[in-house]
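The structure appears right after this line, and notes come after that.
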Amino acid sequence: STAVALDVSTRITSDSAISTAVATEVIRALAAELSVGNTASAATSREVTRASTAESAISTAIASEITRASTADVAISTAVANEVIRATAAELSVGNTASAARNAEVTRASTAESAISTAVATELTRATNAENAISTAVATEVNRATGAQGTINTNINAEITRAQTIEGTLANFVAATFLPTFISGIRLWVSPESANVATAINGASLTSWNDLSGNSYNLATGNAPRVQATGGSLINGRRTVLFTTTDGTKSATSQFLYTTQSFSGSAFSAMIVAKIQAAGSMRVFGGVSNNWLLGWHGGSMNNYYFAGASATVFNAGVVAADLNPYLFLGTSSGSGGTSILYRNGVLLGSGTSSTWGTAGPTGVCLGGYNCGTTMTANAEFSTVAVAEVIIYNVELTFIQRQALENYLRAKYNLW
Numbered sequence: 096s097t098a099v100a101l102d103v104s105t106r107i108t109s110d111s112a113i114s115t116a117v118a119t120e121v122i123r124a125l126a127a128e129l130s131v132g133n134t135a136s137a138a139t140s141r142e143v144t145r146a147s148t149a150e151s152a153i154s155t156a157i158a159s160e161i162t163r164a165s166t167a168d169v170a171i172s173t174a175v176a177n178e179v180i181r182a183t184a185a186e187l188s189v190g191n192t193a194s195a196a197r198n199a200e201v202t203r204a205s206t207a208e209s210a211i212s213t214a215v216a217t218e219l220t221r222a223t224n225a226e227n228a229i230s231t232a233v234a235t236e237v238n239r240a241t242g243a244q245g246t247i248n249t250n251i252n253a254e255i256t257r258a259q260t261i262e263g264t265l266a267n268f269v270a271a272t273f274l275p276t277f278i279s280g281i282r283l284w285v286s287p288e289s290a291n292v293a294t295a296i297n298g299a300s301l302t303s304w305n306d307l308s309g310n311s312y313n314l315a316t317g318n319a320p321r322v323q324a325t326g327g328s329l330i331n332g333r334r335t336v337l338f339t340t341t342d343g344t345k346s347a348t349s350q351f352l353y354t355t356q357s358f359s360g361s362a363f364s365a366m367i368v369a370k371i372q373a374a375g376s377m378r379v380f381g382g383v384s385n386n387w388l389l390g391w392h393g394g395s396m397n398n399y400y401f402a403g404a405s406a407t408v409f410n411a412g413v414v415a416a417d418l419n420p421y422l423f424l425g426t427s428s429g430s431g432g433t434s435i436l437y438r439n440g441v442l443l444g445s446g447t448s449s450t451w452g453t454a455g456p457t458g459v460c461l462g463g464y465n466c467g468t469t470m471t472a473n474a475e476f477s478t479v480a481v482a483e484v485i486i487y488n489v490e491l492t493f494i495q496r497q498a499l500e501n502y503l504r505a506k507y508n509l510w
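The number in the working numbering is simply the position in the sequence shown, starting from 1, with 95 added.
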């Protein structure tokens, strides 16, 4: 189209040049004619003839040029029309080719899209089938595991029951056959089997609690507690000795038993089975002339303080004292060693001699602390039922401790 336009423009420019030349020649001829006319009115016939001939020639030339220009114009118009037709045909061809190509691409894309959709649908079906298969397998495995777990639990429960039965049998056997005196180093042992407790009537005053260790360290009294043969103060149906106080301090109503015999050797083991009978109780198992305690203190439990300690009372997970029976057992390896506290067979804590002390009590006070004929105003008393107290002058071995704990656990059904 650009080439056609340039060709047409060129031809039109040529046509314009020819027309300008013709016009110029006409003007020149007329000027000459006028000049001739003005120069001599008597121009010769020859000059007139020449001028006419020239004019005729010029007219012929003009006509020829006009004809040529018209022919050229027609040729140009024809060329332009042909070029327009060619361009239109080319455009139509290109359009048809492009449309065909676009249609072919659309068809190919549609075919590819259909193939992809089919593949996606197939993959979704496969994934769904696989997921269903996995879910079924998981459910089957869960059911199998649940069944196996149920069987395992049943077996475990049966084994636990069997072990508990065996343990109970062994504990009962130990309780029936074992005695604290089987372990060497025993210094003090008072229990419901002490004769003056075993035979006393319910509520009888106990002025002395006889020692079963063979050492005759009997506990005497200045204000007698009472033997409990019936009622809520018993522990597993076994007798206890009930100590009471009105205000927890030294008073005429605070009950206690004591001995001034010292148990503060280089090593010791001490234990007590008892249960608090009233909130706010103070010490249960204390020293007479040294600062010592085991089990309970100041309305709480899980405490111990052995002589020689530089710290305050050792609180091994201290909690408020409740009214349940407990076995507290403390041991010490002696000076420079370690002191340890157990409750119902469970280790509560331990400390070094420089912090928590390792010496045993100088004298024993049951029902309080600093009791006896010389007790002072800082004595701390409790309302408590005491069942059994044992002291050794050795640190118990693991086997010995286990034997004693099993003996006392079975005897009083503690845990």
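Positions of the beta carbon are idealized from the N, C-alpha and C atoms, including for glycine. Note that the structure is predicted; figures quoted are calculated from it, not measured.
DSSP state of residue i, grouped into three classes?
| i | result |
| --- | --- |
| V175 | Legend: pLDDT at V175 = 48, less than 50; position of this residue unreliable, value from coordinates given subsequently. V175 falls in the helix class under three-state DSSP. |
| A402 | strand |
| F358 | coil |
| W451 | helix |
| S428 | coil |
| G412 | strand |
| G242 | helix |
| T249 | helix |
| N397 | strand |
| E490 | coil |
| N297 | coil |
| T220 | helix |
| T192 | helix |
| A373 | coil |
| A474 | coil |
| S308 | coil |
| N198 | helix |
| N465 | coil |
| W510 | coil |
| T348 | coil |
| R145 | helix |
| T139 | Reliability of the predicted coordinates at T139 is poor, the pLDDT of 41 falling under 50, and the value obtained from them is presented with this limitation in mind. Three-state DSSP puts T139 in coil, outside helix and strand. |
What does DSSP give as the partner residues of residue i in its beta bridges?
| i | result |
| --- | --- |
| I330 | R333 |
| I367 | F423 and V484 |
| Y353 | A315 and C460 |
| G381 | L388 and C460 |
| I278 | DSSP output for I278 lists no bridge partner at all. |
| S303 | A315 |
| L442 | Y437 |
| F338 | V479 |
| Q323 | T335 |
Assuming residue i contacts residue j under a Cβ cut-off of 8 Å, what Cβ separation, rounded to an integer in Å, is found between them?
| i | j | result |
| --- | --- | --- |
| G46 | V479 | Residue 46 is absent from the model: the chain starts at 96 and stops at 510. |
| S303 | N310 | S303 to N310, Cβ: 15 Å. No contact. |
| L422 | L509 | 5 Å |
| R282 | S308 | 6 Å |
| L424 | Y437 | 5 Å |
| I330 | V368 | 7 Å |
| A456 | N385 | The sequence shown places Pro at residue 456, rather than the Ala named in the question. Their Cβ separation, rounded to whole angstroms, is 6 Å, which keeps P456 and N385 in contact under 8 Å. |
| F363 | N488 | 6 Å |
| V336 | N297 | Actually they are not in contact, since the Cβ atoms of V336 and N297 sit about 12 Å apart, beyond 8 Å. |
| T426 | L491 | 6 Å |
| P287 | A295 | Incorrect: roughly 10 Å between the Cβ atoms, too far for contact. |
| T518 | G458 | A question about residue 518 goes unanswered here, because the residues of the chain that appear run from 96 up to 510. |
| G403 | G452 | 4 Å |
| F358 | A498 | Between A498 and F358 the Cβ distance is about 21 Å, and since that is not below 8 Å, they are no contact. |
Measuring alpha carbon to alpha carbon, tell me which of the options ends up nearest residue i.
| i | options | result |
| --- | --- | --- |
| I485 | I494, S477 and E500 | E500 |
| V383 | I371, G429, K370 and E475 | E475 |
| G432 | S349, A454 and T223 | A454 |
| Y502 | Q356, A295, R257 and F277 | F277 |
| S445 | V481, N397 and V459 | N397 |
| V481 | T213, I371, A415 and A195 | I371 |
| G393 | S477, R163, N252 and F273 | S477 |
| G332 | S212, A214, S230 and P420 | P420 |
| T316 | N465, T241 and A214 | N465 |
| C460 | L219, T235, T202 and F351 | F351 |
| D342 | T246, M366, A373 and T119 | A373 |
| T450 | A234, T325, G440 and S430 | S430 |
From which residue to which residue does the alpha helix (DSSP H) around residue i run?
| i | result |
| --- | --- |
| N501 | F493 to Y507 |
Span of the beta strand (DSSP E) holding residue i?
| i | result |
| --- | --- |
| N291 | That residue, N291, is in no beta strand (DSSP E); its alpha helix (DSSP H) goes A290 to A293. |
| V285 | I281 to V285 |
| T433 | T433 to R438 |
Establish whether the CB of residue i and some CB of chain C are separated by less than 9 Å.
| i | result |
| --- | --- |
| R197 | Absent from the structure is chain C; it holds one protein chain and no more. |
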